[in-house]
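Before any comments, here is the structure.
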Ligand code: PMV
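Here is the structure:
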């Protein structure tokens, strides 16, 4: 039996968003989603058997771990009879955490990939993916990496549809605010479902976008992929803006980047934006244009940090002893 395991996982950026949960099942998405895992958004995690539970998060010791998601997941694995004992978890994100750059996806995927190595009998891919999804929907897609889909059927699991080396696109992520967001996605999705007059239309729109996206991806039709990416993101945010209270994650710089991207496109430079539940903007571009686009984004006032994320694989075990 192993006592220490080190893992690595990459956050993913959804081009068709998971936003909203089914009312039955454990954390089942109400919309099908499709995303790209990228190497710049990496989480590294070490899990070590110990006499007591403990957490080091981004280099700092966390004193009260009772409500921390990592330990809720570990408790769940114990309740299922998959694990025993106590664990010291040391996890680090190489990018801003909790600010809408999908750190929960890479964090949860790095955790469950490691826990699976510490179990007596490792789970099969499908079961591990479902358990991961229960901890965080988008984490199921980080587990598989590359271009992955997570369907909206009962108890779904994610699967990779294109391996990273075959994806011709990448992501330029523009950080516009380094602080953690105030309303987490779990709570925000519930507010949307309960109060947004556009919620039902959002679900229908997302399902249509997903079907169209699969075809566009299959043809590697970048312009069409980009167009669906933008309209899907805007439809999700329209649903959020119409909620009570309104969920407005954007800031002035978010809007500036949207406008800049549109004007660059008018000049023949192709990039498309998408925005998760936060103020950061991710641009989908061709691999060959990423450096140039990143330079242009860096010049925009208000942009705090720019990361170029090339397609990455799924969660991996780096070592175990
Ligand atoms: O998996 P969660 O609970 O962090 O929710 C993800 C929500 C979005 O990032 C906005 C969309 C997505 O599909 O990743």
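In my numbering, the protein residues as written are 360 to 680. Every residue, glycine too, gets a C-beta built ideally from N, C-alpha and C. Since the structure is predicted, the reported quantities are computational estimates derived from the model, not experimental observations.
In chain order, 445 place their CB closer than 6 Å to the CB of residue 411, counting only its own chain and leaving out the 5 sequence neighbours on each side. Bounds of any beta strand (DSSP E) do not take in residue 384, whose DSSP letter is neither H nor E.
Taking all protein chains in view, the Cβ of residue 612 is crowded by 16 or more other Cβ atoms within 10 Å, so the residue is classified as buried. Taking the Cβ of residue 496 as the reference point, at least one heavy atom of the ligand PMV falls within a distance shorter than 6 Å.
Checking the DSSP bridge columns, you'll see residue 528 partnered with 645. Distances taken from the Cβ of residue 362 to the heavy atoms of the ligand PMV include none shorter than 6 Å.
Residue environment analysis places residue 622 among the exposed positions, since fewer than 16 neighbouring C-beta atoms fall within 10 angstroms of its C-beta. With a minimum length of 3 residues, the unbroken runs of beta strand (DSSP E) contained wholly in the region 520-576 fall at 528-534.
Pairwise C-beta distances place the region 626-635 in contact with the region 584-600, as three or more of them are shorter than 8 Å. The continuous alpha helix (DSSP H) containing residue 618 extends over residues 611-625.
When distances are taken from the beta-carbon of residue 636 to the heavy atoms of the ligand PMV, the shortest one is below 6 Å.
Per DSSP, the unbroken alpha helix (DSSP H) holding residue 493 starts and ends at 484-494.
Our two residues, residue 505 and residue 529, have alpha carbons roughly 11 Å apart in a direct line. For residue 380, the closest of 364, 548, 430 by C-alpha to C-alpha distance is 548. DSSP lists 405, 415 as the bridge partner or partners of residue 449. For residue 477, the enclosing alpha helix (DSSP H) begins and ends at 462-477.
Residue 390 places its beta carbon 7 Å or farther from that of residue 520. In terms of Cα proximity to residue 399, the closest of 473, 671, 677 is 671. Cβ-Cβ distances below 7 Å link residue 481 to 475 in the same chain, with the five nearest sequence neighbours on each side left out; the list follows chain order. A contact between stretches requires three or more CB pairs, one per stretch, nearer than 8 Å, and the region 600-616 meets this requirement with the region 524-544. Put simply, of 471, 498, 655, 517 the residue whose alpha carbon is nearest the alpha carbon of residue 436 is 471. With a cutoff of 7 Å on beta-carbon distance, residue 369 and residue 396 are scored as near each other. For residue 433, the enclosing alpha helix (DSSP H) covers residues 428-438. Here the alpha carbon of residue 442 sits roughly 31 Å from the alpha carbon of residue 392.
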